[in-house]
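In what follows, a single structure is set out as structure tokens and then discussed.
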Amino acid sequence: MEKDKAFNVCQYCGKQTYLPFRCPYCGGLFCEEHRLPEAHNCPSLREKRYVPHYSAIHVEYSEKQKNGKGFEYIVYAVLLIAIIEFVFWAVKALV
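For the sequence shown, our numbering gives the first residue as 124, with consecutive numbering after it.
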């Protein structure tokens, strides 16, 4: 009987409840008012929602762009333009 009473008490406010809600993040039992993780300041909520990979994804994407085919084509185009300009300059100098 004592065990049943412990399961019917909100872990946040101590209010007795007949239908406790279990938090999917911390596993605690709460009344209807504090059933949402935000309502009982759930410590596990922030840990589960935190995604620490933003900068790693950005760096990988930047490196991929830098080393990708698009970057190579730009370099080739710039070199080709420089060679063409040099040839026109050399021909003009000879004439």
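Note that beta-carbon positions come from the ideal geometry of N, C-alpha and C, so glycine has one too. Quantities reported herein were computed from a predicted structural model and do not represent experimental measurements.
Own chain partners of residue i with C-beta closer than 6 Å, once the 5 adjacent residues on each side are dropped
i: C154; result: C133, K138, T140
i: F144; result: F153, R158
Of the listed residues the options, nearest to residue i (C-alpha basis)
i: S167; options: F209, G151, I197; result: G151
i: E156; options: C149, C136, P147; result: C136
For residue i: DSSP bridge partner residues
i: L152; result: R145
i: Q139; result: V132
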